[in-house]
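Participant: Chains as they are written, first to last, in the working numbering: chain A, 53 to 390; chain B, 53 to 390; chain C, 53 to 390.
#1: Thinking residue 66 of chain C and residue 244 of chain C are a contact (beta carbons under 8 Å), I'd like their distance in whole angstroms, please.
#2: With a cut-off of 8 Å, do at least 3 Cβ pairs link the region 211-224 of chain A to the region 189-199 of chain A?
#3: Mind checking the region 156-182 of chain C against chain B and listing, in chain order, the residues whose C-beta falls within less than 8 Å of any C-beta there?
#4: For the beta strand (DSSP E) containing residue 286 of chain C, list its first residue and its last residue.
#5: Going by alpha carbons, who is nearest to residue 290 of chain C out of C:169, C:264, C:323, C:305?
#6: Please give the ranges of any beta strand (DSSP E) in the region 302-365 of chain C, keeping only runs that are unbroken, at least 3 residues long and fully inside the region.
#7: Please name the residue or residues paired with residue 160 of chain C in a DSSP beta bridge.
#8: For chain B, check one thing: does any of its Cβ atoms lie closer than 8 Å to the Cβ of residue 112 of chain C?
#9: Can you look up residue 386 of chain A in the DSSP assignment and give me helix, strand or coil?
#10: Counting only Cβ-Cβ distances shorter than 8 Å, please list the residues of the region 72-101 of chain C near chain B, keeping chain order.
#11: Ignore the nearest five residues each way along the sequence and tell me which others in residue 278 of chain C's own chain have a CB closer than 7 Å to its CB.
#12: Helix, strand or coil: how does DSSP classify residue 9 of chain A here?
#13: Does the beta carbon of residue 392 of chain A sit closer than 8 Å to a beta carbon anywhere in chain B?
#14: Can you confirm whether the region 141-156 of chain B touches the region 365-385 of chain B when touching is taken to mean that 3 or more C-beta pairs between the two stretches lie within less than 8 Å?
#15: In this structure, what does DSSP give as the bridge partners for residue 225 of chain A?
#16: Look at the Cβ atom of residue 358 of chain A, then the Cβ atom of residue 342 of chain A, and state whether they are nearer than 8 Å.
#17: Could you tell me which of C:361, C:353, C:320, C:172 sits nearest to residue 62 of chain C, measuring between CA atoms?
#18: Can you name, in chain order, every residue of its own chain whose Cβ lies under 8 Å from the Cβ of residue 123 of chain B, other than the five neighbours on each side?
#19: Less than 8 Å between the beta carbons of residue 168 of chain A and residue 194 of chain A, yes or no?
#20: Of all Cβ atoms in chain C, is any one closer than 8 Å to the Cβ of residue 372 of chain B?
#21: For residue 191 of chain C, which beta-bridge partners are listed by DSSP?
#22: With respect to the alpha helix (DSSP H) encompassing residue 87 of chain A, which residues constitute its N-terminal and C-terminal limits?
#23: Within 8 Å (strictly less), CB to CB, does residue 235 of chain A reach chain B?
#24: The alpha helix (DSSP H) with residue 68 of chain B in it runs from where to where?
#25: So residue 176 of chain A is in the alpha helix (DSSP H); what residue range does that whole segment cover?
#26: What residues in the region 318-352 of chain C bring their beta carbon closer than 7 Å to a beta carbon of chain A?
#27: Please go through the same chain and pick out, in chain order, the residues whose beta-carbon is closer than 6 Å to the beta-carbon of residue 373 of chain B, but skip the five residues on each side of it.
#28: Mapping DSSP to helix, strand and coil, what is residue 242 of chain B?
#29: Which residue from A:121, A:283, A:313, A:350 puts its Cα closest to that of residue 320 of chain A?
#30: Using a C-beta to C-beta distance shorter than 9 Å, which residues of chain C count as neighbours of residue 130 of chain A?
#31: Please name the residue in C:375, C:103, C:300, C:157 whose C-alpha comes closest to that of residue 151 of chain A.
#32: Residues of chain C with CB closer than 7 Å to the CB of residue 154 of chain A, please, in chain order.
#33: In the structure shown, what three-state DSSP assignment does residue 145 of chain A receive?
#34: Does residue 180 of chain B pass the burial test, meaning 16 or more other C-beta atoms within 10 Å, or should it be called exposed?
#35: DSSP three-state call for residue 367 of chain C: helix, strand or coil?
#36: Compare the C-beta of residue 375 of chain C with all C-beta atoms of chain A and state if any pair is closer than 8 Å.
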């Protein structure tokens with residue numbers, strides 16, 4: 053399963069992911085996707101290993117996907133419930149992680165409200181010379197690598213179900229629409245999609261995609277950095293130029309909190325200006341597809357009709373891909389430690 | 053295990069259950085009951101299958117019973133915790149169900165405060181041409197089929213442990229006592245017990261068993277309908293005629309909310325008029341048995357002494373039957389899809 | 053695994069533990085500790101058995117440790133979440149336990165805010181002539197036997213990793229520091245450590261270690277009682293005499309509630325008088341080690357530097373020992389029923 057050259061045993065950010073790594077994930081996920089179509093959807097790959105889901109920020113969808121991925125690899129899972137935790141007793145996050153380390157956890161899947169927590173834990177695990185792998189399942193407004201990799205897998209398997217690979221997206225136009233500023237999904241996707249050679253067009257209201265973001269992005273992507281990947285990234289404040297001839301449209305979730313903090317006038321206004329509808333897809337490629345990381349506010353980010361139209365919507369495939377991609381990542385992380 | 057003729061792959065309501073289906077459940081549950089008496093209480097029947105417990109309304113007892121049934125069939129389970137869910141993020145219930153579908157769930161066990169939710173999800177799963185089975189674990193004041201089937205199994209195994217079957221209850225007199233109006237347990241039991249040919253006597257205070265209920269019941273049971281089963285159902289507002297020569301007495305749980313909404317004067321008054329006690333059982337058959345779906349308010353629906361008396365109480369057997377019957381239903385649903 | 057002479061099938065208190073029982077736990081835990089160092093950290097010992105974690109008082113750390121121990125013995129686990137339970141529906145604790153009994157639970161692990169609940173449930177299980185084992189995972193301010201046994205295992209494996217045994221602690225000096233009065237951890241440790249022949253020195257502020265406690269302790273330990281073990285127990289209100297030449301220092305957790313109830317002036321004052329620091333360890337044996345049941349309030353019970361110093365801190369080893377010791381106890385309880 054392409055694990056031979058894999059070295060990475062933490063999954064924290066896609067900023068330094070190399071093309072061969074993306075391809076290893078895509079290929080491994082394709083093998084597991086095949087397993088999932090069998091009646092007995094399990095492999096013994098991680099039997100006897102312990103995967104702890106430390107979700108300091110609650111999430112049913114993502115936690116269930118990770119839990120299912122772990123179970124299908126025959127690992128044992130531990131769920132950390134923040135409400136009933138020692139956190140309220142004044143223990144630090146690093147001490148909580150060290151407790152799970154001491155119990156014999158092999159991989160920690162961590163979601164936290166604050167950016168940088170998974171990296172801090174990964175650094176501590178390395179400093180202590182453990183073999184524990186840390187998996188960032190979403191940290192603040194920073195990154196959500198498994199979401200971006202399942203999006204990538206969804207797109208690439210659509211283009212070549214047999215042999216999904218990064219280069220399939222070369223030259224494609226992909227629009228990412230919505231609250232770019234606060235989105236860890238957008239940040240991770242920007243790294244993976246630009247790495248493929250696709251043109252990535254970010255579009256959203258000026259409050260959620262400020263000019264300063266452009267500078268930040270360009271500084272990161274066209275400036276210095278370890279990777280030599282040339283990246284094509286564009287910013288727009290109106291939907292039309294972003295959708296023009298787009299191959300794929302990825303709508304981001306709007307958090308209701310943005311209204312109370314006056315960054316958005318109303319959901320109705322948002323839908324009127326940035327909502328994806330059948331009409332608006334007319335400007336895209338005829339076989340355009342729509343993605344959304346979920347959960348969707350129906351009639352806000354995407355019209356209800358479009359969401360249920362299998363001709364356009366890839367939303368269900370994204371959820372399905374999520375299990376296969378997380379299986380692949382857990383498997384690769386585990387092999388990366390050997 | 054009698055699964056050959058089983059076709060049903062959703063368990064939503066007992067209103068259209070046929071005698072051969074009741075017998076298939078009883079027979080299959082009897083086989084599993086035998087498995088549960090072994091030291092290793094597991095069978096590999098659903099290995100690699102995924103059962104999602106979507107309990108939008110919380111319940112420890114029923115969820116644990118379903119979870120244990122699933123684990124003893126070697127299935128993997130996912131628990132949906134409403135407090136930490138996407139529901140608070142504005143996702144619709146159908147979208148939540150579709151997310152679990154896309155993850156690869158084989159059977160969804162659904163409990164919801166509102167009647168009709170499991171049926172709506174089952175219809176959507178069929179419309180999408182999936183093979184997912186939907187199991188109603190209690191919907192509003194509508195039905196709770198697995199509770200009625202475990203009650204049935206408890207009664208029939210008492211009468212013939214080797215070969216429990218529906219016809220054993222023919223001619224028996226069964227009293228159901230309490231808040232009939234709001235009880236999904238009563239509704240499901242009415243279907244199964246009358247189907248057996250037993251005489252079912254409903255008894256409760258007029259506020260919880262209004263005259264209109266009689267019309268509704270009679271309209272449903274003696275009027276038109278797909279089933280040709282003749283049903284014997286009687287209503288009473290006082291306990292005595294219902295208990296007279298009864299073979300079985302099923303007390304329903306009183307919700308404390310009924311007091312605040314002025315449907316009941318007090319728990320003490322309720323116990324005085326409708327509570328089951330040793331004295332009152334004198335009017336029943338000498339070997340009368342008492343059932344209760346639990347959790348019991350001791351000293352309200354049943355006197356504390358009676359509840360702990362193994363000569364009369366079947367309450368523990370009901371809980372034990374619950375695991376075997378749910379194993380049987382999950383197994384049959386799964387076979388019904390092939 | 054030394055289980056041949058084991059008879060005890062409940063673990064409620066260490067007050068009547070015999071030396072051969074301590075040694076059986078230590079030896080069995082050592083075998084399991086070895087299993088945990090393998091890549092596949094599982095044994096089939098309790099396959100098909102059901103272990104219910106009934107945590108009426110919430111705890112992530114202890115519940116995860118028990119859950120992991122159960123999974124590594126290949127048992128199925130059920131978690132009882134108090135927030136979503138029937139308890140709020142007015143069911144008694146004994147009725148909840150009987151429900152889990154009727155479902156087919158083999159071992160109940162019980163934590164409760166009130167002392168005596170696990171014993172009451174164990175008595176009821178015996179009265180009903182069941183074979184269910186009850187495991188006290190912490191009851192009020194009474195006992196927490198698995199914590200004391202994991203502390204014992206941590207100390208004894210340090211002294212002889214190959215053959216940990218009670219007698220290794222004979223003549224050692226062990227200081228237990230902090231809120232002795234309210235600590236179930238202290239109470240259980242007093243039984244096990246004095247049974248080994250160690251000198252146990254209790255030290256804490258007069259409000260948390262009143263003179264009356266001394267009478268109580270002496271009455272229990274040097275007076276009558278079933279056990280003939282001579283016990284060496286000393287009380288101090290200042291840290292110095294307790295630490296003098298100590299081989300081990302066990303700091304207890306300070307509950308923040310003690311401040312609001314005026315039993316402690318401030319955390320800073322507490323640390324100044326009773327906090328364990330590198331400086332204060334100078335008075336101990338040169339190879340002194342520090343324990344804490346966790347979670348630690350850094351800088352209160354123990355200085356932050358000391359806590360992270362592997363030369364002195366046994367805190368991580370305690371957590372690791374926890375899984376092996378709980379595996380051993382579950383395994384022995386299970387064998388004790390045969």
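Glycine included, each C-beta is placed from N, C-alpha and C at the ideal position.
Facilitator: On the basis of the supplied data:
#1: Sequence index remark: in the third chain, residue 66 of chain C carries index 14 (1-based). Sequence index remark: in the third chain, residue 244 of chain C carries index 192 (1-based). 5 Å between Cβ atoms; contact.
#2: no
#3: 156
#4: The count along the third chain starts at 1 and reaches residue 286 of chain C at position 234. Note, residue 286 of chain C: beta strand (DSSP E), 284-288.
#5: Counting from 1 along the third chain, the entry for residue 290 of chain C is found at position 238. The shortest Cα separation from residue 290 of chain C among C:169, C:264, C:323, C:305 belongs to C:323.
#6: 341-343
#7: Indexing the third chain from 1 puts residue 160 of chain C at position 108. Per DSSP, C:104, C:186.
#8: One-based indexing of the third chain puts residue 112 of chain C at position 60. Chain B contact via Cβ: absent.
#9: For the purposes of this step, residue 386 of chain A is taken as residue 334 along the first chain, with counting starting at 1. It is helical.
#10: 99, 100, 101
#11: As a working note, residue 278 of chain C is residue 226 in the third chain. The predicted model places residue 278 of chain C with a pLDDT of 47, which falls under 50 and marks its position as unreliable; any figure quoted below should be read in that light. Excluding positions up to five away in sequence, the list reads 68.
#12: Look at the range of chain A in this structure, 53 to 390, and you will see that residue 9 of chain A is not part of it.
#13: Only positions 53 to 390 of chain A appear in this structure, which leaves residue 392 of chain A out of reach.
#14: no
#15: Translated into positions along the first chain, residue 225 of chain A becomes position 173. Note: residue 225 of chain A sits in a beta bridge opposite A:251.
#16: Locating residue 358 of chain A in the first chain gives position 306, counting from the first residue. Locating residue 342 of chain A in the first chain gives position 290, counting from the first residue. Cβ atoms of residue 358 of chain A and residue 342 of chain A: closer than 8 Å.
#17: Here residue 62 of chain C refers to the residue found at position 10 when the third chain is read from its first residue. Of C:361, C:353, C:320, C:172, the residue nearest in Cα terms is C:172.
#18: Counting from one through the second chain, the residue named residue 123 of chain B turns up at place 71. Excluding residues within five positions, the ones whose Cβ falls inside 8 Å are 94, 129.
#19: On the first chain, residue 168 of chain A is found 116 positions in, with the first residue counted as 1. On the first chain, residue 194 of chain A is found 142 positions in, with the first residue counted as 1. Closer than 8 Å, so yes.
#20: Position 320 of the second chain, counting from 1, holds the residue named residue 372 of chain B. Chain C, which has a Cβ nearer than 8 Å to the Cβ of residue 372 of chain B, makes this yes.
#21: If you number the third chain from 1, residue 191 of chain C lands on position 139. DSSP output for residue 191 of chain C lists C:164, C:195 as bridge partner(s).
#22: As a first step, residue 87 of chain A must be located in the first chain, where it is residue number 35. Residues 71-88.
#23: For the purposes of this step, residue 235 of chain A is identified with residue 183 of the first chain, where counting begins at 1. So no, residue 235 of chain A is outside the interface.
#24: Counting from 1 along the second chain, the entry for residue 68 of chain B is found at position 16. Premise fails: residue 68 of chain B is in no alpha helix (DSSP H) and is neither H nor E.
#25: Translated into the one-based positions of the first chain, residue 176 of chain A becomes position 124. Residue 176 of chain A -> alpha helix (DSSP H) spans 169-179.
#26: 346, 347, 348, 349, 350
#27: Your numbering for residue 373 of chain B matches position 321 in the second chain. Around residue 373 of chain B: 202, 205, 206.
#28: Here residue 242 of chain B corresponds to residue number 190 of the second chain, with the count starting at 1. Here residue 242 of chain B sits in helix by DSSP.
#29: Position 268 of the first chain, counting from 1, holds the residue named residue 320 of chain A. Of A:121, A:283, A:313, A:350, the residue nearest in Cα terms is A:350.
#30: Here the question's residue 130 of chain A lines up with position 78 in the first chain. 116, 119, 120, 123, listed in chain order.
#31: Along the first chain, read from residue 1 onward, the residue named residue 151 of chain A stands at position 99. Of C:375, C:103, C:300, C:157, the residue nearest in Cα terms is C:375.
#32: Within the first chain, numbered from 1, the residue matching residue 154 of chain A stands at position 102. Neighbours of residue 154 of chain A on chain C, chain order: 368, 371, 372.
#33: On the first chain, position 93 is the one that residue 145 of chain A refers to. Helix, per DSSP.
#34: Along the second chain, read from residue 1 onward, the residue named residue 180 of chain B stands at position 128. Per the 10 Å Cβ criterion, exposed.
#35: As a first step, residue 367 of chain C must be located in the third chain, where it is residue number 315. Helix.
#36: As a working mapping, residue 375 of chain C is identified with position 323 in the third chain. Chain A, which has a Cβ nearer than 8 Å to the Cβ of residue 375 of chain C, makes this yes.
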